[in-house]
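Visitor:
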Amino acid sequence: MNKAEIKERDQQYIEGTYARYDLCIESGKGAICKGYDGREYIDFTSGIGVNCMGFCDAGWVAAVTKQLGRIQHTSNLFYTEPCGELAELLVKGTGMKKVFFSNSGAEANEAAIKTARKYSNEKYGNERNEIITLINSFHGRTMATITATGQAKYHAHFNPFMQGFSYAVANDIQDLNSKLTEKTCAIMLEIVQGEGGVLPLDEQYIKAVEKICKVKDILLIVDEIQTGIGRTGKLFAYEHFDISPDLVSFAKGIGGGLPIGGILIGDKCVGVLKAGNHGTTYGGNPVVCAGGVYIMQQMTPDFLAEVAKKGTYIKRKIEEMPNVLSVKGLGMMLGIEIEGQEAQAAVALALEKGLLLLTAKEKIRLLPPLTIVYDEIDAGLTILEDVLTGEIA
């Protein structure tokens, strides 16, 4: 099929829940993909942080293909080798105690919410069930996680929303304290608010939240859906701040392109979820986990240090560009505040010239593959600079 035919079929048969760009992607390798128009594009998006090893990494493809030839699915009524192996790598890589596997980031956050409520319900009674999240946060699109999301635009059209959530101002510990009640069972936050505009939390604030949680026996949930699996130069972003969350949700990068999510469970919450309390048909699927094992094996100290180095390089280069007001983020998760044009218009123009970018509210957002090489970085940044200066014909 050609590009026009693919678009026409898509528009005829698929519900229009996405405002797609005018690009049909046919294939890809590393940080470069090819469209049905025959052109090549440099990818600074990683499929919104999913393709952490880039397109069609040879080792990941081999791991997934090998497992496909053995068994593709069983169910969680039985044991499989890749599921346990991936869990072991995650536990030993973080110092957490257990893992629960789901299929997506939203499902991972659902599991964290249920775990937190059950922990407090059993220890303090059914009235201790409220969770504080942050204004400008994003935690998913299920009814629980969309309620947890602290953005008004997501709270339209789907009433009634779930009870038991309140919202505090990020980086304002006094406001957080004002939201605490005897019913608070957990505080849920992102180390860097991704969909909210790539806004990092302050170290002092993060540590203050952890202290409150420890003193009051409130669970600290860290949503690492977008920041986890090497994205910030650490396996998980919370490691930058020497804190110990009780629950950590993950997804995106761990699958390398296949759907997987889950939560890491700390000491307090081990054994809270028992047989029958929670589950999923596809969670821990052996094919996806085999790919996840390969990805975890790449997350060596040297690899993570190189991610941090690349992130610093990109940030400094962009800060020198005209019409850039600020660059915020952590590692290879960056948000660019610009002047002179709207971020959405800049992203559309960059696409025309062969560079894939994202937006996050009013900012341009970058989530390049962690494996991108410097020549590809420089080529992409050249296009970005041309877009920002208006020098593209």
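According to my numbering, the stretch in the sequence shown is residues 679 to 1071, in order. Think of the CB as a built atom: it goes at the ideal place given N, C-alpha and C, for glycine as much as any other residue. Quick caveat, the model's predicted, so the values are computed rather than measured.
Rounded to a whole number of angstroms, what is the C-alpha to C-alpha distance between G694 and I720?
Guide: Going from the Cα of G694 to the Cα of I720 covers about 26 Å.
Visitor: Which residue marks the beginning of the alpha helix (DSSP H) containing K885, and which one marks its end?
Guide: Where K885 is concerned, the enclosing alpha helix (DSSP H) stretches over 881-894.
Visitor: In whole angstroms, give me the CA-to-CA distance for P1039 and G747.
Guide: In the sequence on display, residue 1039 carries Lys and not Pro. The straight-line gap from Cα to Cα measures roughly 43 Å.
Visitor: Taking the alpha carbon of W738 as the reference point, which residue from T1067, T1049, E785, I1061 has its own alpha carbon closest?
Guide: The shortest C-alpha separation from W738 is found at T1049.
Visitor: Using the C-alpha atoms, what's the distance from V900 back to Q947?
Guide: It is Cys, not Gln, that sits at residue 947 in the sequence shown. C947 and V900: Cα-Cα distance of roughly 14 Å.
Visitor: Between the Cα of G725 and those of M774, Q750, R717, A709, spot the shortest distance and give me the residue it belongs to.
Guide: Closest by alpha carbon: A709.
Visitor: With DSSP as the reference, label Y714 as helix, strand or coil.
Guide: In the structure shown, Y714 sits in coil (DSSP, three-state: anything other than H, G, I, E or B).
Visitor: When you compare each of L1003, A1026, K988, L1033 to M1011 by their alpha carbons, which one comes out closest?
Guide: Among L1003, A1026, K988, L1033, the Cα nearest to that of M1011 is on K988.
Visitor: Looking at C-alpha atoms only, which residue of E683, G875, R795 is the closest neighbour of G1013?
Guide: Selected option, being the one with the closest Cα: G875.
Visitor: On a Cα-Cα basis, can you pick out the residue from E888, Q871, I809, Q1022 that is closest to P923?
Guide: Nearest of E888, Q871, I809, Q1022 to P923, Cα basis: E888.
Visitor: Select from K707, R717, A697 the residue whose C-alpha is nearest the C-alpha of K681.
Guide: Checking every option, the nearest Cα to that of K681 belongs to R717.
Visitor: In whole angstroms, what separates the C-alpha of A915 from that of I869?
Guide: About 6 Å.
Visitor: Starting from E808, follow its DSSP beta bridges and name the residues at the other end.
Guide: The partner list for E808 (beta bridge, DSSP) reads T862.
Visitor: Can you tell me which residues form a DSSP beta bridge with I943?
Guide: I943 pairs with K776, L925.
Visitor: With burial defined as no fewer than 16 other Cβ atoms inside 10 Å of the residue's Cβ, what is the status of T723: buried or exposed?
Guide: Buried, because 16 or more other Cβ atoms sit within 10 Å of the Cβ of T723.
Visitor: Are there three or more Cβ pairs, one per stretch, closer than 8 Å when the stretch 784-792 is compared with the stretch 965-975?
Guide: Contact fails: fewer than three Cβ-Cβ distances are below 8 Å.
Visitor: In three-state DSSP terms, what is M1010?
Guide: In this structure, M1010 counts as coil in the three-state DSSP scheme.
Visitor: Roughly how many whole angstroms lie between the Cα atoms of T772 and I907?
Guide: Using only the alpha carbons, I get a separation of about 11 Å.
Visitor: Along the beta strand (DSSP E) that carries A846, what are the first and last residues, could you check?
Guide: 843-846 is the extent of the beta strand (DSSP E) around A846.
Visitor: Just confirm the distance between the C-beta atoms of G842 and E805, as a whole number of angstroms; I'd bet it's less than 8 Å.
Guide: No, G842 and E805 are not in contact; Cβ-Cβ is about 10 Å, not under 8 Å.
Visitor: Excluding sequence positions up to five away, which residues of its chain have a Cβ less than 6 Å from the Cβ of R994?
Guide: The answer is none, since no qualifying residue turns up.
Visitor: Under 6 Å Cβ to Cβ from R698, same chain only, skipping five residues before and after it: list those, please.
Guide: None.
Visitor: Nearest to L951 by CA position, among T793, S705, P979, R819, is which residue?
Guide: The residue with the shortest Cα to Cα distance from L951 is T793.
Visitor: Take L755 as the anchor and find which of Q976, E1054, G957, E1030 has the nearest alpha-carbon.
Guide: It is G957 whose Cα lies nearest to the Cα of L755.
Visitor: Can you check DSSP and say which residues form a bridge with P878?
Guide: According to DSSP, which records beta bridges pairwise, P878 is partnered with V870.
Visitor: Kindly indicate which three-state DSSP category Q703 falls into: helix, strand or coil?
Guide: The identity of residue 703 in the sequence shown is Ile, whereas the question assumes Gln. In this structure, I703 counts as strand in the three-state DSSP scheme.
Visitor: Under a three-way DSSP split, which group does Y991 fall into?
Guide: Reduced to three states, the DSSP call for Y991 is helix.
Visitor: To the nearest angstrom, how far is the alpha carbon of G961 from that of E1017?
Guide: Cα to Cα, the separation comes out at about 44 Å.
Visitor: When you compare the CB positions of V728 and G940, do they come within less than 8 Å of one another, or not?
Guide: The answer is no: Cβ separation not under 8 Å.
Visitor: Can you list, in chain order, the residues of its chain whose CB lies under 7 Å from that of I851, leaving out five sequence neighbours each side?
Guide: Answer for I851: Y883, A886, listed in chain order.
Visitor: Could you work out which residue in Y802, R909, M774 is closest to P1047 when comparing CA atoms only?
Guide: Of the candidates Y802, R909, M774, the one whose C-alpha sits nearest the C-alpha of P1047 is R909.
Visitor: How would you write the range of the beta strand (DSSP E) that D739 sits in, first residue to last?
Guide: Residue identity differs from the one stated: residue 739 is Val in this sequence, not Asp. From DSSP, V739 is part of no beta strand (DSSP E) but of the alpha helix (DSSP H) over 736-746.
Visitor: Please report the Cβ distance between L767 and V971, rounded to the nearest whole angstrom; I am assuming they are in contact, meaning their Cβ atoms lie under 8 Å.
Guide: That pair is a contact at about 6 Å.
Visitor: Quick check: I996 and L1059, are their CB atoms within less than 8 Å of each other?
Guide: Going by C-beta atoms, I996 is nearer than 8 Å to L1059.
Visitor: What number of angstroms, rounded off, separates the C-alpha of I890 from the C-alpha of A986?
Guide: Going by the C-alpha atoms only, they are around 30 Å apart.
Visitor: How far does the alpha helix (DSSP H) with T1060 in it reach, from first residue to last?
Guide: Residues 1052-1067.
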